[in-house]
Every structure is written in C-alpha cells, then in structure tokens.
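**Q** Here it is, the structure in full.
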Amino acid sequence: MRIKFLILSFLLALGCQTIRAGDKVEAALYLGQNGPPSTFSHVAPKELAERLNQVFGFRHYVLIKKDKIELAHTWTQWFVPRSDFFICLKPIAPAADEPRLVDYEIYQEGFIVAKGKYEPNEEAPLFINGPDFKNGRLIFVLENHR
C-alpha cells in the first residue's frame with residue numbers, strides 16, 4: 001500500500017511539474033510613437049496599449065516582432081527582432097514551491113546594456129524601456145502565457 005502511495009505521489013508531482021514547465025513567455029518589441037501608425041502596421045491590443053500609455057506616454061504602439069519562448073527548457077533563448085537591439089532569455093529551473101524566474105540580458109549594437117530577472121506573471125507583464133528610434137522609442141514587452 002505504501003509503495004502505491006509513493007508511486008501515485010510521484011506521478012502527481014510529475015504531472016504538476018509538466019504543467020509548470022509548459023509555461024511560455026511572449027517576447028515582443030513595440031515602437032511607441034505619438035504620430036499615427038501606418039495603415040499596414042500591427043498595433044498593440046487595446047488593453048496592452050493602455051497599460052503602455054500609462055508607463056511611457058505614447059499614443060500608439062506598433063508591433064515590430066513577437067515570439068514565444070518556452071520555459072520548459074533552461075537553455076539560453078534569443079529573441080532578435082532587430083540586428084542592433086535584441087534580448088537573451090534564460091529560464092531558471094525552479095526549486096520546489098518557488099516561482100519560475102527568467103534571467104534576461106538586453107543587447108544594443110552587440111553590447112549588454114541591461115540585465116535582470118523576470119518572474120512571469122499573467123497579471124503583470126514586464127515593460128523594458130529601449131532606445132529612441134525615429135520619432136519614438138523601442139520597448140520590449142514580456143508577458144506570461146500558458
């Protein structure tokens with residue numbers, strides 16, 4: 001009976017770990033600008049645009065590129081929307097009952113300009129202020145997705 005309990009506990013723990021490991025972070029690069037976006041550009045969803053506006057103050061946020069990063073792996077993953085401005089993400093394997101963290105490094109023209117840790121949370125995306133570009137500013141957005 002005790003062996004069955006141990007096996008069942010192991011399988012439940014394995015299942016819970018699989019669910020946690022299946023999380024994804026969506027990395028996106030937006031251009032915040034006050035001028036109207038072109039008719040062919042993809043703009044940020046309304047709720048995200050409102051949150052970005054509260055932080056950065058631009059009227060429009062044009063999506064440059066986005067991608068999903070799997071958190072199931074602990075190897076380094078790159079999101080390169082531009083050759084001169086990109087981000088390196090490395091998921092950290094969580095300890096028992098600890099939140100999952102992601103190390104990130106932001107590169108501009110090949111040099112690290114910022115480092116940090118991000119705890120993926122569906123309620124709170126991470127906004128990372130980038131350099132000025134044209135008549136606006138580049139902004140990384142990291143959002144948790146299941």
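Quick note: the sequence shown uses my numbering, first residue 1, plus one each step.
Just so you know, even glycine gets a beta-carbon here, dropped at the ideal spot from N, CA and C.
How close, in whole Å, do the beta carbons of Tyr118 and Tyr107 come, if the pair is a contact with beta carbons under 8 Å?
**A** The pair is not a contact, with the Cβ atoms about 16 Å apart (cut-off 8 Å).
**Q** Skipping 5 residues on each side, what residues in its chain have a beta carbon closer than 8 Å to that of Val43?
**A** Result list for Val43: Pro37, Ala49, His60, Tyr61, Val62, Leu63, in chain order.
**Q** What's the gap between the Cα of Gln54 and the Cα of Glu47?
**A** Distance between the alpha carbons of Gln54 and Glu47 is about 11 Å.
**Q** So Arg137 is in the alpha helix (DSSP H); what residue range does that whole segment cover?
**A** That residue, Arg137, is in no alpha helix (DSSP H); its beta strand (DSSP E) goes 136–145.
**Q** Using only CA atoms, which one of Leu89, Ile112, Leu138 lies nearest to Gly32?
**A** Nearest option by C-alpha distance: Leu138.
**Q** Determine the extent of the beta strand (DSSP E) in which Arg82 is found, giving its start and end residues.
**A** 77–82 is the span of the beta strand (DSSP E), which, as asked, contains Arg82.
**Q** Hey, would you say Lys68 sits closer than 9 Å to Ala93, going by beta carbons?
**A** No, the Cβ-Cβ distance between Lys68 and Ala93 is not below 9 Å.
**Q** Based on the DSSP secondary-structure assignment, which residues constitute the bridge partners of Ile157?
**A** No answer is possible for residue 157: it lies beyond the span of the chain, which begins at 1 and ends at 146.
**Q** Determine the DSSP secondary structure at Phe58, reduced to helix, strand or coil.
**A** Three-state DSSP puts Phe58 in coil, outside helix and strand.
**Q** Going by DSSP, which residues form a beta bridge with Asp67?
**A** Answer by DSSP bridge pairing, in chain order: Ala27.
**Q** Who are the Cβ neighbours of Gly130 in its own chain at under 7 Å, not counting the five residues just before and after it?
**A** Result list for Gly130: Phe85, Arg137, Leu138, Ile139, Phe140, in chain order.
**Q** Starting from Ser129, trace the beta strand (DSSP E) both ways and give me its first and last residue.
**A** Residue identity differs from the one stated: residue 129 is Asn in this sequence, not Ser. Counting along the chain, the beta strand (DSSP E) containing Asn129 begins and ends at 126–133.
**Q** Using a 10 Å radius around the Cβ and a threshold of 16 neighbouring Cβ atoms, would you call Ile87 buried or exposed?
**A** Ile87 comes out buried.
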